[in-house]
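Quick note: the sequence shown uses my numbering, first residue 4, plus one each step. From the three backbone atoms N, C-alpha and C, an ideal C-beta is built for every residue, glycine too. Note that the structure is a prediction, hence the values are computed from the model and not measured. Inspection log for the structure reproduced underneath, given as structure tokens.
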Amino acid sequence: MKLFYHPDQERHAPPSFLLRGRAVDSPEGPVRAEMLAGGLAGVGLALSAPAASDSERLRKRLARIHTPRYLAFLETIHARWSALPGAAEMVAPNVHPCGGGHHYPRHPVGQVGWHMHDMACPMTADSFPGILASAASAEAAAEAVLAGDASAYALCRPPGHHAGPDRAGGFCFLNNSALAAEVLRERYPRVAILDVDLHHGNGTQDIFYARGDVWTGSLHADPADFYPFFWGGANEVGEGEGRGANHNVPLPLGSDGAAFMAALEALIAAMSAFKPEALVVPLGLDAHRDDPLAGLALETDDFFTLGRRLAALDLPTVLVQEGGYPTAHLGHNLAAFMGGYIAA
Ligand SMILES: [Zn+2]
């Protein structure tokens with residue numbers, strides 16, 4: 004299996020974010036990549052860099068899942084923000100168009116509020132190249148599968164599945180998993196995205212909600228009690244041509260591996276009716292019981308079972324790293340997943 008990580012990804016390294024009204028150390032930093040790479044090395048898997056961290060082709064593909072104004076915002080906002088009198092070093096919103104705005108503002112503060120739906124997406128001067136490099140890793144993994152590999156992995160950080168067509172959220176800026184699906188669509192008419200992260204993949208759902216060519220499914224801690232709070236219910240089934248092509252399985256907080264695997268089977272049954280020809284797995288590892296974002300109670304062995312089950316689907320598959328935050332278990336959880344996936 005080819006595995007991708009671009010060293011420029013570490014340029015996105017915000018030191019803190021706002022949680023429950025307090026500035027706290029960000030759990031979404033370059034140390035995650037070190038831990039994940041260490042876990043892969045432990046099972047004999049090595050990462051390689053995509054040929055480029057930015058290209059015209061990558062930008063054209065991103066424009067199929069994100070709006071032009073949002074892509075321009077991500078690239079230019081730090082410089083425009085920094086020119087404001089009294090601005091902090093990191094871009095952060097302090098106003099939001101709750102209930103929906105009637106016009107798109109020109110002012111940087113208004114645009115930050117428009118494009119960032121929470122306080123978990125601070126950007127520094129070096130963030131944009133790091134964010135773009137993460138997308139480039141997802142693109143490279145998808146291209147490996149297009150070229151005939153059975154599966155490939157992208158160590159994407161920052162992650163992507165909370166990023167929608169026009170906005171960032173939950174540490175996510177560009178939707179790496181949606182990008183991988185778009186690349187697979189260049190060859191496969193029907194692509195499925197099976198999101199196993201602790202959190203609902205609300206950005207991915209948004210991007211494909213009205214499309215019938217990309218099936219989206221997610222199992223996650225119940226958003227009635229958990230981030231992202233406003234999306235992820237079982238009643239969200241898609242709309243228009245996408246009606247029936249979105250499937251959510253919320254789980255009670257604290258659910259264990261057995262409940263998780265039962266939910267996965269329900270999701271796989273729904274996905275199978277769609278008859279996908281290729282698969283993207285937004286691979287969160289934050290459902291582990293000791294993850295600092297604490298929502299579910301999986302053990303390391305459960306990730307082995309998960310990997311084995313997903314490999315048994317026997318579809319051309321792109322594995323895209325999503326969540327999973329620093330603990331002594333993070334690398335082992337990825338190693339366990341890969342062990343199950345490769346053994347299958
Ligand atoms: Zn997550």
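Which of helix, strand or coil DSSP assigns to residue i
i           : result
residue 152 : coil
residue 25  : strand
residue 81  : helix
residue 70  : coil
residue 141 : helix
residue 274 : helix
residue 219 : strand
residue 335 : helix
residue 51  : strand
residue 286 : strand
residue 172 : strand
residue 183 : helix
residue 315 : coil
residue 281 : strand
residue 19  : strand
residue 46  : coil
residue 112 : helix
residue 353 : Limits of the chain in this structure are 4 at one end and 347 at the other, which puts residue 353 out of reach.
residue 348 : Since the first and last residues shown for the chain are 4 and 347, residue 348 lies out of range.
residue 2   : The requested residue 2 does not occur in the structure, where the chain is confined to residues 4 to 347.
residue 127 : coil
residue 322 : strand
residue 135 : helix
residue 157 : strand
residue 65  : helix
residue 296 : coil
residue 87  : coil
residue 39  : helix
For residue j and residue i, the rounded distance between their alpha carbons
i           : j           : result
residue 358 : residue 228 : Coverage of the chain is limited to positions 4 through 347, which leaves residue 358 absent and any answer about it impossible.
residue 327 : residue 333 : 7 Å
residue 1   : residue 336 : It is not possible to answer for residue 1, since the shown part of the chain is limited to 4 through 347.
residue 214 : residue 194 : 11 Å
residue 44  : residue 309 : 20 Å
residue 269 : residue 64  : 31 Å
residue 331 : residue 339 : 14 Å
residue 23  : residue 158 : 29 Å
residue 85  : residue 92  : 7 Å
residue 28  : residue 73  : 27 Å
residue 325 : residue 287 : 5 Å
residue 292 : residue 298 : 8 Å
residue 341 : residue 180 : 18 Å
residue 296 : residue 103 : 29 Å
residue 108 : residue 114 : 6 Å
residue 189 : residue 78  : 26 Å
residue 116 : residue 98  : 5 Å
Rounded Cβ spacing between residue i and residue j (contact assumed at less than 8 Å)
i           : j           : result
residue 285 : residue 323 : 5 Å
residue 305 : residue 260 : 3 Å
residue 17  : residue 126 : 7 Å
residue 53  : residue 139 : 5 Å
residue 163 : residue 177 : 6 Å
residue 205 : residue 231 : 5 Å
residue 11  : residue 132 : 5 Å
Secondary structure, alpha helix (DSSP H): runs of 4+ residues fully inside the region 185-272
Taken in chain order, the unbroken stretches of alpha helix (DSSP H) that lie wholly in the region 185-272 and span 4 residues or more are 205-211.
Closer than 6 Å is what we want: which residues have a beta carbon that near any heavy atom of ligand 1? List them in chain order.
In chain order, the residues positioned with their C-beta nearer than 6 Å to some heavy atom of ligand 1 are 200, 201, 202, 287, 289, 325 and 326.
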